[in-house]
Structure formats: C-alpha cells, structure tokens
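Report on the structure given below.
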Amino acid sequence: MYLLLISGIIVLLLGLAVIAAGIRQGTSRISAEERYEEAEGFVTEMKSRLTVHTVNLIPLITREYSAVVQFMTAEGEEYTVPMPYVLRASAEYRDERASYENGTPVSVKYSPDDPEICFVGDKRGFRVREIIYRIIAAVPLLLIGYGLIWWHFHI
1 MYLLLISGII
11 VLLLGLAVIA
21 AGIRQGTSRI
31 SAEERYEEAE
41 GFVTEMKSRL
51 TVHTVNLIPL
61 ITREYSAVVQ
71 FMTAEGEEYT
81 VPMPYVLRAS
91 AEYRDERASY
101 ENGTPVSVKY
111 SPDDPEICFV
121 GDKRGFRVRE
131 IIYRIIAAVP
141 LLLIGYGLIW
151 WHFHI
C-alpha cells in the first residue's frame with residue numbers, strides 16, 4: 001500500500017538530514033576556528049610510533065608522526081602541546097617530516113578559551129572536505145528514497 005511511499009519519504013528525509021547536519025557542523029567548526037588566535041611557536045620534539053593499518057584486507061605496518069609544539073598565548077602563558085598522530089607514507093611527506101625538526105618555527109592557531117585545543121597550519125580545506133564527504137555519504141540515501149517513492153507510483 002503506502003509502505004514504499006512512507007519508507008521512501010523517511011529515507012529521503014534522513015539523507016537530507018545528513019546533508020544539513022554535515023553543512024551545519026562544518027560551517028560551525030570553520031567559524032569557531034576563525035575565532036582562534038594565532039601565535040608563533042616551535043617544534044620541541046617529533047614523536048613517532050608504529051601502527052597497523054589495513055589496506056584491502058592486508059595489514060600494513062606503518063609509521064605515524066606527531067610534532068610536539070611549544071607556543072606562548074597572547075596572555076603570556078606557555079603551552080607545550082602534542083599534535084595528533086598522522087600517517088606519512090610518501091617521499092613528499094618524508095620531506096615534510098624533515099621540516100618539523102626540533103626548533104622549527106611554526107604558526108599555531110589556538111582556542112582562546114582552551115589553548116590546549118590548537119593546530120598547526122590551516123584546517124579550512126579539511127573542514128570543507130568533511131562537508132563534501134557527508135554529502136557523498138547522503139547520496140545513496142537520497143537515491144534509495146527516490147527509488148522507493150518512484151517504485152510506489154510505478155507498481
């Protein structure tokens with residue numbers, strides 16, 4: 001009866017909700033990071049660890065790196081914060097690792113409310129990619145919802 005129509009509408013609305021939530025979360029993070037203050041810091045240490053990643057069901061042992069950054073806030077407080085571990089796998093990234101040797105100056109953006117929440121570089125491109133990934137994840141839901149509604153009217 002109306003089961004396909006109702007299911008299609010629910011799945012379609014779920015897909016639209018995923019898109020709306022992705023856009024809202026991404027734009028709120030971008031606007032929050034625009035309020036971050038900038039400080040000059042320097043790398044005090046480069047940590048590394050071995051981890052296992054699975055690629056096509058094949059376990060690979062890889063090395064991840066984390067720069068420990070020291071910076072001073074506008075209020076004069078000094079912080080030493082480890083950055084998240086990131087995977088570096090190509091020759092291009094090996095050169096980047098060399099650029100993060102001890103004493104290397106870096107530009108740090110930190111939250112004025114909690115300076116331990118900080119990052120090096122610009123995250124805008126990463127946040128835009130997060131939004132795009134959410135939209136891509138919603139496309140199958142939209143197609144399934146549309147298909148169920150179409151099927152209801154053509155059976």
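1 is the number of the first residue of the sequence shown in this note's numbering; add one for each residue after it. Glycine residues also receive a C-beta, built at the ideal position from the N, C-alpha and C atoms. Note that the structure is predicted; figures quoted are calculated from it, not measured.
Contact under 8 Å by Cβ, residue i with residue j
i, j, result
"R127", "I30", "yes"
"E40", "P105", "yes"
"G8", "H154", "no"
"E37", "Y110", "yes"
"G145", "L12", "yes"
Residue i versus the options, residue with shortest Cα-Cα distance
i, options, result
"V120", "E34, E77, V69 and G147", "V69"
"S28", "L143, E130, Y65 and V81", "E130"
"Y100", "S111, L16 and P82", "P82"
"R157", "T62, A138, K123 and W150", "Any question about residue 157 goes unanswered here, given that the chain covers just 1 to 155."
Host beta strand (DSSP E) of residue i (start-end)
i, result
"P82", "E78 to P82"
"P105", "P105 to Y110"
Coarse secondary structure for residue i, derived from DSSP in three states
i, result
"I58", "strand"
"R35", "coil"
"V139", "helix"
"H152", "helix"
"G41", "strand"
*Would the segment 64-80 and the segment 107-117 be scored as touching if the rule is three or more Cβ pairs under 8 Å?*
yes
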